[in-house]
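In the working numbering, the protein residues as written are 141 to 388. C-beta: ideal position from N, C-alpha, C; glycine also. Have a look at the structure below before the remarks.
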């Protein structure tokens with residue numbers, strides 16, 4: 141494509157290169173995207189934060205976290221300042237690829253900086269902590285958000301509720317559900333399904349049934365994971381068919 145543009149005397153700019161790289165990353169061809177990236181400087185152009193961010197995300201999503209980190213360092217060394225989006229992508233990638241401690245190191249430095257991190261960044265770290273078994277630390281960070289002038293959104297609440305459920309702290313998760321509503325954040329289908337599955341695992345069918353009815357009254361329905369769990373429990377004799385009917 142680039143060669144065709146050159147032959148037609150159309151000089152590709154950084155937007156063209158970035159769009160092409162994004163296209164490769166979207167179809168899981170991040171290595172091809174990297175080849176295009178290496179052509180940028182040869183054309184006398186300079187990659188910007190968006191270009192780098194797209195490639196960092198591509199490597200993270202491909203499980204090539206080391207390459208993502210190396211590209212991030214290259215970005216900094218070339219004088220391209222990472223923005224909140226870039227840091228968010230890197231932290232999310234580190235958490236998803238089992239490098240929580242590294243993510244926390246970077247996050248700690250970011251908190252000391254003057255950068256406005258925003259709720260998305262905090263939610264990413266809270267989720268990473270929960271998945272990494274640091275639910276208590278996640279809870280402490282969650283509770284500190286108002287002091288930082290950051291308001292949790294639906295995703296933040298849902299992530300924290302999920303963490304509490306995985307820890308087995310269902311009472312706290314239920315309380316947080318109501319606190320979420322009080323704060324003006326209406327639970328979504330993910331919030332309800334997370335709690336429903338947690339109560340099913342705990343054997344509390346009454347609580348699960350109440351949540352299902354509440355969820356349906358809000359216009360939401362059971363997701364594939366919840367339906368599978370109910371079917372598995374039905375087959376093992378832990379539930380009767382009426383529970384499955386309730387989901388429909």
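Would you call residue 318 buried or exposed, if buried means 16 or more other Cβ atoms sit within 10 Å of its Cβ? exposed
Start and end of the alpha helix (DSSP H) containing residue 206? 205-217
Using alpha carbons as the reference points, say which of 324, 385 and 171 lies closest to residue 361. 385
Roughly how many whole angstroms lie between the Cα atoms of residue 287 and residue 266? Answer to the nearest angstrom: the Cα atoms are 16 Å apart.
Run the CB neighbour count on residue 346, radius 10 Å, all protein chains shown included, and call it buried at 16 or more, exposed below. exposed
Would you mind sorting residue 200 into buried or exposed? The rule is 16 or more other CB atoms within 10 Å of its CB. buried
Helix, strand or coil for residue 460, going by three-state DSSP, please let me know. Residue 460 lies beyond the stretch modelled for the chain, which goes from 141 to 388, so this question has no answer here.
Residue 290, DSSP secondary structure in three states: coil
Under 8 Å, do residue 329 and residue 363 count as touching if we go by C-beta distance? Against a cut-off of 8 Å, the Cβ pair of residue 363 and residue 329 comes out as a contact.
Cα-Cα separation between residue 196 and residue 378, rounded to whole angstroms: 46 Å
Does the distance from the C-beta atom of residue 375 to that of residue 381 stay below 8 Å? no
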